[in-house]
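What follows is a single structure, written as structure tokens, with notes after it.
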Amino acid sequence: GQNIDQPTEMTATEGAIVQINCTYQTSGFNGLFWYQQHAGEAPTFLSYNVLDGLEEKGRFSSFLSRSKGYSYLLLKELQMKDSASYLCAMNYGGSQGNLIFGKGTKLSVKP
Amino acid sequence: DTAVSQTPKYLVTQMGNDKSIKCEQNLGHDTMYWYKQDSKKFLKIMFSYNNKELIINETVPNRFSPKSPDKAHLNLHINSLELGDSAVYFCASSQGLTDWGDTQYFGPGTRLTVL
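Quick mapping for you: the protein sequence lines, in order, are chains A and B.
Sequential numbering of the first sequence, starting at 4, is according to this note's numbering.
Sequential numbering of the second sequence, starting at 134, is according to this note's numbering.
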């Protein structure tokens with residue numbers, strides 16, 4: 004079956020670096036997405052990894068290891084506006100667009 | 134220009150009623166989805182349509198019926214509403230790529246409260 008797991012909550016300080024981990028188990032893996040969701044708002048796309056390695060986009064980077072079933076989202080130079088939930092979602096084989104979301108990691112950035 | 138829009142944003146209704154939520158996307162995407170996000174913030178797929186055809190139908194009560202009049206619209210009708218239906222419902226769309234990286238874009242959500 005499919006399973007995806009990430010920490011429930013994390014706290015970090017403004018200006019710091021934080022790493023949010025995500026582990027998954029599935030057959031027919033087609034990639035891993037990270038979304039950001041501010042309270043009361045829609046999830047917005049951050050990154051997609053399908054090959055092993057690091058993808059960098061400004062202050063945000065995402066890493067994938069397919070052999071370990073592991074991904075992380077790295078946020079640098081944290082800002083107060085980065086306080087949000089971060090959802091990892093795995094795309095698995097079968098119908099197009101099959102995404103299973105993790106329960107999200109609520110990140111609180113403190114001054 | 135709103136890419137994925139939903140109406141209404143808030144919906145408060147009594148148990149037993151029937152209600153509909155509408156979704157429209159102007160991105161030219163072929164695939165649309167409905168998700169339910171419960172009070173614990175767990176986001177779960179309910180349905181997806183590709184070019185008006187149902188392709189994903191997760192274990193959802195028969196009281197929930199999606200309808201896609203064209204590929205830009207996917208509406209959700211709910212019969213005989215129950216307390217447990219209270220949640221935020223998100224519509225999403227994607228290009229419908231058959232290979233990897235079919236990114237989904239979400240609407241603003243509809244907060245449904247059943248009293």
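Glycine residues also receive a C-beta, built at the ideal position from the N, C-alpha and C atoms.
With DSSP as the reference, please indicate the residues paired to methionine 165 of chain B in a beta bridge.
Reading the second sequence from its first residue, position 32 is the one you call residue 165 of chain B. Under the DSSP definition of a beta bridge, methionine 165 of chain B partners with B:Tyr182, B:Ser226.
Buried or exposed: which applies to methionine 165 of chain B, given that a residue is buried once 16 or more other Cβ atoms fall within 10 Å of its Cβ?
For this step, residue 165 of chain B is matched to residue 32 along the second sequence. Answer is buried; the Cβ neighbour count reaches 16.
Between phenylalanine 66 of chain A and leucine 57 of chain A, how many whole angstroms is the CB-CB distance? I'm expecting something under 8 angstroms.
On the first sequence, residue 66 of chain A is found 63 positions in, with the first residue counted as 1. On the first sequence, residue 57 of chain A is found 54 positions in, with the first residue counted as 1. Right, the Cβ-Cβ distance comes to about 5 angstroms (below 8 angstroms), so this counts as a contact.
Examine chain A for any beta-carbon lying closer than 9 angstroms to the beta-carbon of valine 137 of chain B, and answer yes or no.
Here residue 137 of chain B refers to the residue found at position 4 when the second sequence is read from its first residue. Answer yes: the Cβ-Cβ gap between valine 137 of chain B and chain A drops below 9 angstroms somewhere.
Under 9 angstroms between beta-carbons, which chain B residues line up against asparagine 24 of chain A? List them in chain order, please.
In the first sequence, the residue the question calls residue 24 of chain A occupies position 21. In chain order: nothing, as chain B lies at least about 18 angstroms away.
Neighbouring residues, chain B, relative to phenylalanine 117 of chain A (Cβ below 9 angstroms)
The structure shown does not extend to residue 117 of chain A, since chain A is modelled only from 4 to 114, so the question has no answer here.
Expected contact under 8 angstroms - CB spacing of leucine 35 of chain A and methionine 93 of chain A to nearest Å:
Translated into the one-based positions of the first sequence, residue 35 of chain A becomes position 32. Translated into the one-based positions of the first sequence, residue 93 of chain A becomes position 90. About 5 angstroms separates the CB atoms of leucine 35 of chain A and methionine 93 of chain A; that is less than 8 angstroms, so the two are in contact.
Residue interval of the beta strand (DSSP E) (run including proline 202 of chain B)
If you number the second sequence from 1, residue 202 of chain B lands on position 69. 197-203 is the span of the beta strand (DSSP E), which, as asked, contains proline 202 of chain B.
Hey, how far is the Cα of leucine 209 of chain B from the Cα of asparagine 190 of chain B?
Taking the second sequence and counting its residues from 1, the one referred to as residue 209 of chain B is at position 76. Taking the second sequence and counting its residues from 1, the one referred to as residue 190 of chain B is at position 57. About 13 angstroms.
Counted within 10 angstroms of its Cβ, other Cβ atoms place proline 199 of chain B as buried (16 or more) or exposed
In the second sequence, the residue the question calls residue 199 of chain B occupies position 66. Answer is buried; the Cβ neighbour count reaches 16.
Any Cβ of chain A within less than 9 angstroms of the Cβ of glycine 161 of chain B?
Indexing the second sequence from 1 puts residue 161 of chain B at position 28. Not closer than 9 angstroms to any Cβ of chain A, the Cβ of glycine 161 of chain B fails to qualify, so no.
Going by DSSP, name the residue or residues bridged to glutamate 12 of chain A.
Mapped onto the first sequence, residue 12 of chain A falls at position 9. In the DSSP assignment, glutamate 12 of chain A forms a beta bridge with A:Lys109.
Just tell me which of B:Lys169, B:Leu207, B:Ser172, B:Arg196 has its CA closest to the CA of leucine 187 of chain B.
As a first step, residue 187 of chain B must be located in the second sequence, where it is residue number 54. Among B:Lys169, B:Leu207, B:Ser172, B:Arg196, the Cα nearest to that of leucine 187 of chain B belongs to B:Leu207.
What are the boundary residues of the beta strand (DSSP E) that includes glutamine 147 of chain B?
In the second sequence, residue 147 of chain B corresponds to position 14, counting from 1. Per DSSP, glutamine 147 of chain B belongs to no beta strand (DSSP E) and is neither H nor E.
Is the shortest distance between the beta-carbon of lysine 174 of chain B and the beta-carbons of chain A less than 9 angstroms?
Locating residue 174 of chain B in the second sequence gives position 41, where the first residue counts as 1. By this cut-off, lysine 174 of chain B is an interface position.
Would you check if the distance between the CB atom of histidine 41 of chain A and the CB atom of serine 70 of chain A is smaller than 9 angstroms?
Here residue 41 of chain A refers to the residue found at position 38 of the first sequence. Here residue 70 of chain A refers to the residue found at position 67 of the first sequence. At the C-beta level, histidine 41 of chain A and serine 70 of chain A stay beyond 9 angstroms of one another.
For valine 247 of chain B, I'd like the list of residues in its chain whose CB is within less than 7 angstroms of its CB, leaving aside the five on either flank, ordered along the chain.
Numbered from its first residue, the second sequence carries residue 247 of chain B at position 114. Excluding five sequence positions before and after valine 247 of chain B, the CB atoms of its chain that fall closer than 7 angstroms to its own CB belong to Thr146, Met148, Leu214, Glu215, Leu216, Asp218, Ser219, given in chain order.
Could one say the Cβ of serine 74 of chain A lies closer than 9 angstroms to chain B's Cβ atoms, at least one of them?
Within the first sequence, residue 74 of chain A is the residue found at index 71, counting from 1. Output row for serine 74 of chain A: interface = no.
is_contact[phenylalanine 223 of chain B, chain E] using C-beta, thresh 9 angstroms
Among the protein chains of the structure shown, namely A and B, there is no chain E.
Cβ-based contacts, 9 angstroms cut-off: residues of the region 73-94 of chain A near chain B:
Those residues of the region 73-94 of chain A placed with their C-beta closer than 9 angstroms to a C-beta in chain B are Ser88, Leu90, Ala92, Asn94, ordered along the chain.
Determine the DSSP secondary structure at lysine 174 of chain B, reduced to helix, strand or coil.
Working through the second sequence from its first residue, we reach residue 174 of chain B at position 41. Three-state DSSP puts lysine 174 of chain B in coil, outside helix and strand.
Find the residues of chain B that neighbour tyrosine 51 of chain A, judging by a C-beta separation of less than 7 angstroms, and give them in chain order.
As a position in the first sequence, residue 51 of chain A is number 48, starting the count at 1. Proximity of chain B to tyrosine 51 of chain A at the Cβ level (cut-off 7 angstroms) is accounted for by Gly234, Thr236, in chain order.
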